[in-house]
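Participant: In UniProt numbering, the protein residues as written are 1 to 427.
Glycine is no exception: its CB is placed at the ideal position from the N, C-alpha and C atoms.
Structure in structure tokens, see below.
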């Protein structure tokens, strides 16, 4: 029964609201992110230009805790929460001024920080090394409200918003590259340049194994095929059923179709292959079964182009796994990218890159500190490891962070803390 007579006072200066945030904060310190931001981001003499490292890290710390607006950064200033972060905390009004100072060039500086942070994290043990790297490229609509959002527009979803383009790593969900675009931007807008930057970034980060890029049909372009093939990457890119593609599909002999035995029993799926230009084209056709039957049963076709030479069923099954990119998009929308807080386009572009950096900090925390654990959603990691109340105390010349007794995931927390502390400090 709730003790209704309990007196509630907000006066504990030693309380830590989300003590578990020290895990990603300590990892950021080991990667030297604050100093890296200070070196890369220079806003000149614009308002809010001072101390960019402190301000970006304030937003990152709030975002890993689920912040989706600038005001959500304010709880970091409560009690002794700032003491476990390793950096000073900026006020929300200061952060708003800072974001509004960004131009396109300054956003590109932040993008460079994202790439360099990726290099440092992969060198610390989060990278694929010489193993195979599977990258999924997709876009989504980030919905906004109101008439004063620069660059917002209506796209294929008929919703007012922005249309970011992003590339994620399939096995960990980390964001390798991200670019904010206007809401009315075509799905494939800027894809070739995006691929060139992604190829260079992954190479600099130290991935030496085979690379595979998967996308849906919105990014179909011959120039993209050629660029990836020239770089030595494998690709698996969806194709729209245009008339000449349909003619190629119709020309396939009926005996060439192979039924997929592992497909859901509510449908019948078959695959076959042919060629389109210089590349291989694989087609999956699906017919949904109905208890009432169909008067004129028909197939839905899902073709994609690839330069892979593996077995037909392996290539087709791995292409379907491109859907895992939606898990990373879900995590981003469940935290910082639930909203775009400013009316200024470039402020929202900066917010988007910082959101990707915060998302990666959470992914790297699990990859480096809990490498054998099942990959969890951002919400689960927050609930189990980050949103833990604590209290700072001093005893015997030591600082103690007291956490709740019998916390179910205390061993995971202590294991992660020990492994992150074992990382070498930044040079």
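Let me confirm a value: residue 234 is counted as buried when at least 16 other C-beta atoms fall within 10 Å, else exposed. Which label applies?
Facilitator: Counting Cβ neighbours within 10 Å, residue 234 comes out buried, since at least 16 surround it.
Participant: Just list the beta strand (DSSP E) runs in the segment 299 to 344, keeping only unbroken ones of 3 residues or longer that don't cross its boundaries, in chain order.
Facilitator: Those beta strand (DSSP E) runs which fall completely within the segment 299 to 344 and span 3+ residues are 300 to 306.
Participant: By DSSP, does residue 134 sit in helix, in strand, or in coil?
Facilitator: Strand at residue 134.
Participant: Compute the Euclidean distance between the alpha carbons of residue 111 and residue 427, then round it to the nearest angstrom.
Facilitator: When rounded, the distance between both Cα atoms is 22 Å.
Participant: Using 8 Å as the threshold, is the C-beta distance between residue 152 and residue 141 below it?
Facilitator: The answer is no: Cβ separation not under 8 Å.
Participant: Quickly, what does DSSP pair residue 235 with across the bridge? List them, please.
Facilitator: According to DSSP, residue 235 bridges with 213.
Participant: Give the secondary structure of residue 252 by DSSP, where H, G and I count as helix, E and B as strand, and everything else as coil.
Facilitator: DSSP places residue 252 in coil when its eight states are reduced to three.
Participant: Counting Cβ pairs, one atom from each stretch, are 3 or more of them under 8 Å apart for the segment 96 to 109 and the segment 342 to 350?
Facilitator: Touching, yes, given that three or more Cβ pairs across the two stretches are closer than 8 Å.
Participant: According to the neighbour-count rule (16 or more other Cβ atoms, all chains shown, within 10 Å of its Cβ), is residue 232 buried or exposed?
Facilitator: Answer is exposed; the Cβ neighbour count stays below 16.
Participant: So, under 8 Å CB-CB, residue 271 and residue 252 are touching, yes? Tell me the CB distance rounded to an integer number of Å.
Facilitator: So it is not a contact: roughly 10 Å between Cβ atoms.
Participant: So residue 98 is in the beta strand (DSSP E); what residue range does that whole segment cover?
Facilitator: Note, residue 98: premise wrong, no beta strand (DSSP E); alpha helix (DSSP H) at 92 to 100.
Participant: With DSSP collapsed to three states, give me the class of residue 181.
Facilitator: DSSP places residue 181 in coil when its eight states are reduced to three.
Participant: Return the first residue and the last residue of the beta strand (DSSP E) that residue 281 is part of.
Facilitator: Element bounds for residue 281: 279 to 288.
Participant: Are any of the Cβ atoms in chain C nearer than 8 Å to that of residue 284?
Facilitator: Absent from the structure is chain C; it holds one protein chain and no more.
Participant: Could you name the residues of the same chain whose beta carbon sits closer than 6 Å to that of residue 131, not counting the 5 residues immediately before and after it, in chain order?
Facilitator: For residue 131, where only same-chain residues beyond five positions count, the Cβ hits under 6 Å are 209.
Participant: Assuming contact is defined by CB atoms lying nearer than 8 Å, are residue 41 and residue 358 in contact in what I supplied?
Facilitator: Contact flag unset, no.
Participant: Which residue marks the beginning of the alpha helix (DSSP H) containing residue 272, and which one marks its end?
Facilitator: Looking at the DSSP string, residue 272 is not in any alpha helix (DSSP H); the run it does join, the beta strand (DSSP E), is 267 to 276.
Participant: Which residue wins for smallest C-alpha separation from residue 67, given the options 1, 299, 117, 332?
Facilitator: The option with the nearest alpha carbon to residue 67 is 332.
Participant: Are three or more beta carbon pairs between the segment 118 to 138 and the segment 200 to 219 nearer than 8 Å?
Facilitator: Yes, the segment 118 to 138 touches the segment 200 to 219.
Participant: Whole angstroms are fine: how far does the CA of residue 279 sit from the CA of residue 188?
Facilitator: Spanning the two alpha carbons is a distance of roughly 20 Å.
Participant: Within a Cβ cutoff of 8 Å, which residues of the same chain sit near residue 78, ignoring the five residues on either side of it in sequence?
Facilitator: The answer, listed in chain order, is 15, 17.
Participant: Specify the secondary structure class of residue 399 as computed by DSSP and reduced to three states.
Facilitator: Residue 399 falls in the strand class under three-state DSSP.
Participant: By DSSP, does residue 120 sit in helix, in strand, or in coil?
Facilitator: Correct three-state label for residue 120: helix.
Participant: Express the C-alpha separation of residue 57 and residue 19 in angstroms, rounding to a whole number.
Facilitator: One C-alpha to the other measures close to 16 Å.
Participant: Rounded to whole angstroms, what's the CA-CA distance from residue 165 to residue 401? Just pull it up for me.
Facilitator: Each residue's alpha carbon lies about 40 Å from the other.
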